[in-house]
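A quick write-up on the structure given underneath.
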Amino acid sequence: MEKKEYCGIFGIYSFEGASVAHQIYLGLMNLQHRGQDSAGAASTDGRELFSLRGLGFVSDVLNERSIESLKGFAGIGHVRYPTIGAGGIEDAQPFVASAAGKKFALAHNGNLSNYGRIRKQMESQGFKFSSSCDAELILAVFVQAYERKQDLFSAIKEVMEKLDGAYSVVLLSGQGELVAFRDPLAIRPLCFGRGKDSIVFASESVALDIINCKLEGDLSPGEAVLVTKKGIQRKQLVKPSHPKHCMFEYVYFSRPDSKVDGKWVYEVRYRLGQALARAAPVKADVVIPVPDTARSAVEGYSAESKIPVAEGLIKNRYVGRTFIMPSQQKRADAVRLKLNAVRQILEGKKVVLIDDSIVRGTTMGPIVKLVRDAGAKEIHLRITCPPIIGPCFYGIDLPTYSELVAANKNVEEIRKMVGADSLVYQSVSDLVAAIGLPKESLCLGCLTQKYPTSFGNYLSSKMKAALKEGKKSDVRIWEEQG
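Residue numbers (my numbering): 18 to 499.
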């Protein structure tokens, strides 16, 4: 309940030369859950590059008139929540730049942990940036390399060698070249599929489903795919290693009807619920989800425990991210705006309440109180994700050590703080088993404080040192100062 969506990307190429603007719109609509602050798109007819971006939902930015301006047979799209940058129009994607007589548009999902360091280096070389968004930095590094090499694969390889962090990228040239590439650890998702006359790349398979495109697989760590009129070229640009797929894609961010790196998200969440029921059995009358991401886990918990499921909390779907509030009272009010308890389901009942995670802990207390005020006799809180004890440097807006409740309190202290009768988190081993990928193929940095990249570990140690010295520990400061 306390996290923010981050970004979603989409890319499409029509081999028959058909217009792709409407497909970009549809694909982004199915990625809207990944970011609601801004949206944008770019397209090409092989001669010119057309682009637009704006603040708001996909339907606000890609309206009927603006879609008509996206001419051509290839295009990319983006939805965004800022993890670096203030989130204004200057940070909306895609970004556009020129190199060696070509125009390029770029959009990405992820976060560069060495953003500040590389930006300073490039500024010292005379680069001027128009935003604080790391997508612009990726494009700048690419442009610098392409000016020298004038080869797409060679330039992208240099990007991979220079940048530390998570980035899944779609890149479009005004000459009609579409490129998709994924960082050497494949932290953020990027799948691809084929339509009747097209190839499509997207953050999640649901963006392919809506345009009747068959999912074919996922880009490998450090792989780039180039699409032109001549066909499709796939190249492994850096030495392949174990991927480090973000576990949060399965726990929270991806839609349950998506398939992410070979695993159906619904099935993973169902197994997470089953594991909680086995690990922490309790006598209860009803099991209810905190809407929406806990629904699949509740089904698994109920199947394993034989406790019936009910919709004890109803979500107001017309309220935005009102949990970003400056005071606890306002956060409590925001919870009541977003959720309403169903008294006839909860009154006098022993309730198992399931949510995906606890980050700061500031909204969980009001949710438990909401259920308690509706007459629940007992509330047994079960969390499908293990305790989050470290920040994220790869694209999820998890806060600093001082803000993470599990980094500062034990489980019993958190239970008392939120007002539940019992509290049980998922274990890391059960999480890994539910996802169904080897532990060494997952990024678990926020759970274990063992980060998959060197700069991530460097930032973590710097933040801990600052905390011990009583200095303000701010992940944004470290990212921007390097």
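Beta carbons are placed, not taken as given, at the ideal position from N, Cα and C, and that holds for glycine. The structure presented is a predicted model; accordingly, all values stated were derived computationally and were not measured.
Alpha carbon to alpha carbon, how far is residue j from residue i? Give it in angstroms, no decimals.
| i | j | result |
| --- | --- | --- |
| Ile413 | Arg70 | 22 Å |
| Asp302 | Arg288 | 21 Å |
| Phe218 | Ile26 | 8 Å |
| Cys463 | Gly407 | 4 Å |
| Ala451 | Cys402 | 11 Å |
| Asp447 | Tyr318 | 13 Å |
| Ile305 | Ile249 | 47 Å |
| Leu225 | Glu429 | 44 Å |
| Ala162 | Phe32 | 28 Å |
| Ile431 | Arg399 | 12 Å |
| Leu293 | Ser458 | 23 Å |
| Phe74 | Lys300 | 43 Å |
| Pro404 | Arg165 | 47 Å |
| Leu363 | Lys174 | 56 Å |
| Val369 | Leu232 | 37 Å |
| Asn357 | Gly133 | 43 Å |
| Lys145 | Ile135 | 13 Å |
| Ser10 | Asn47 | Residue numbering for the chain in the displayed model covers 18 to 499; residue 10 lies beyond these limits and cannot be assessed. |
| Ser115 | Val160 | 7 Å |
| Ser141 | Thr245 | 35 Å |
| Gly191 | Asp168 | 15 Å |
| Cys263 | Ile204 | 5 Å |
| Ser215 | Val359 | 47 Å |
| Lys179 | Met434 | 44 Å |
| Lys280 | Glu486 | 43 Å |
| Tyr285 | Lys323 | Correcting the residue identity first, residue 285 is Val in this sequence and not Tyr. One C-alpha to the other measures close to 19 Å. |
| Pro273 | Asn131 | 32 Å |
| Lys247 | Ala172 | 20 Å |
| Asp372 | Leu484 | 29 Å |
Can you tell me whether DSSP reads residue i as helix, strand or coil?
| i | result |
| --- | --- |
| Tyr267 | helix |
| Phe146 | coil |
| Thr470 | coil |
| Ala391 | coil |
| Asp372 | strand |
| Phe27 | strand |
| Ser444 | coil |
| Pro343 | For Pro343, the predicted structure reports a pLDDT of 42, less than 50, and the residue's modelled location is therefore unreliable. A value from the coordinates is still provided. Reduced to three states, the DSSP call for Pro343 is coil. |
| Tyr475 | helix |
| Val315 | helix |
| Arg97 | strand |
| Lys481 | helix |
| Ile106 | helix |
| Ser12 | This structure cannot speak to residue 12, because the chain is shown only from 18 to 499. |
| Gly382 | helix |
| Val326 | strand |
| Arg338 | Residue placement at Arg338 is flagged as unreliable, the pLDDT there being 46, under the threshold of 50; the coordinate-derived value follows with that caveat. The answer is coil: DSSP assigns Arg338 none of H, G, I, E or B. |
| Arg377 | coil |
| Ile204 | coil |
| Leu459 | strand |
| Lys88 | coil |
Quick one: what's got a C-beta closer than 8 Å to residue i's C-beta in the same chain, skipping five residues either side?
| i | result |
| --- | --- |
| Leu436 | Leu is not the amino acid found at residue 436; the sequence shown has Gly there. The answer, listed in chain order, is Gly382, Val385, Lys386, Arg389 and Ile396. |
| Val352 | Phe340, Thr380, Pro383, Ile384 and Leu387 |
| Ser147 | Glu107 and Glu153 |
| Ala482 | none |
| Met177 | Phe198, Asp200, Pro201, Gly239, Leu254 and Val255 |
| Gly44 | Phe27, Ile29, Gly94, Val217, Ala219, Ala224, Leu225, Ile227 and Ile228 |
| Thr157 | The residue you asked about is not Thr; residue 157 is Ala in the sequence shown. Excluding positions up to five away in sequence, the list reads Ala114, Met139, Phe144 and Phe146. |
Short of 6 Å in beta carbon distance, which residues of its chain neighbour residue i, apart from the five on each side in sequence? Order them along the chain.
| i | result |
| --- | --- |
| Val113 | Ser68 and Ala122 |
| Val277 | Pro206, Glu266 and Ser271 |
| Ala424 | Ile406 and Tyr418 |
| Pro343 | In this prediction, Pro343 has a pLDDT of 42, which is less than 50 and means its spatial position is unreliable; what the coordinates show is noted afterwards. Result list for Pro343: empty, nothing under 6 Å. |
| Val242 | Ala197 and Arg251 |
If residue i sits next to residue j, beta carbons under 8 Å apart, how far is it from one beta carbon to the other, in whole angstroms?
| i | j | result |
| --- | --- | --- |
| Leu421 | Val376 | 7 Å |
| Arg199 | Leu188 | Incorrect: roughly 12 Å between the Cβ atoms, too far for contact. |
| Gln110 | Ala124 | 4 Å |
| Ala56 | Val78 | 4 Å |
| Gly118 | Ile41 | That belief does not hold up - the Cβ atoms of Gly118 and Ile41 are roughly 26 Å apart, past 8 Å. |
| Pro308 | Leu330 | 6 Å |
| Pro455 | Lys261 | So it is not a contact: roughly 11 Å between Cβ atoms. |
| Tyr98 | Asp62 | Tyr98 to Asp62, Cβ: 31 Å. No contact. |
| Gly290 | Glu316 | 6 Å |
Going along the chain, which residues of its own chain have a beta-carbon closer than 7 Å to the beta-carbon of residue i, five neighbours each way excluded?
| i | result |
| --- | --- |
| Pro257 | Ser237, Pro238 and Gly239 |
| Asn128 | Thr100, Ile101, Asp151, Gly182, Ala183, Phe410, Tyr411 and Gly412 |
| Ser444 | Ala296 and Pro403 |
Comparing the CB of residue i with every heavy atom of the ligand NAD, is any distance shorter than 8 Å?
| i | result |
| --- | --- |
| Arg205 | Although the ligand NAD was asked about, the structure shown includes no ligands whatsoever. |
Is there a C-beta anywhere in chain C that falls below 9 Å from the one on residue i?
| i | result |
| --- | --- |
| Tyr267 | Here chain C cannot be found, since the structure has a single protein chain. |
Output the residue ranges of the alpha helix (DSSP H) runs that lie fully inside the segment 52 to 85 and measure 4 residues or longer, sorted by chain position.
Counting only runs of 4 or more residues that sit fully inside the segment 52 to 85, the alpha helix (DSSP H) segments are 75 to 78 and 81 to 85, in chain order.
Extract the residue ranges of the beta strand (DSSP E) inside the segment 214 to 272, only unbroken runs of 3 or more that lie entirely within it.
The qualifying runs are 215 to 219, 231 to 235, 240 to 245 and 248 to 253.
What beta strand (DSSP E) runs, 3 residues minimum, are completely inside the segment 120 to 198?
Taking only runs of at least 3 residues, the beta strand (DSSP E) segments lying wholly in the segment 120 to 198 are 182 to 190.
Segments assigned alpha helix (DSSP H), at least 4 residues, entirely inside the segment 397 to 448:
Within the segment 397 to 448, the complete alpha helix (DSSP H) segments at least 4 residues long are 422 to 425 and 428 to 435, listed from N- to C-terminus.
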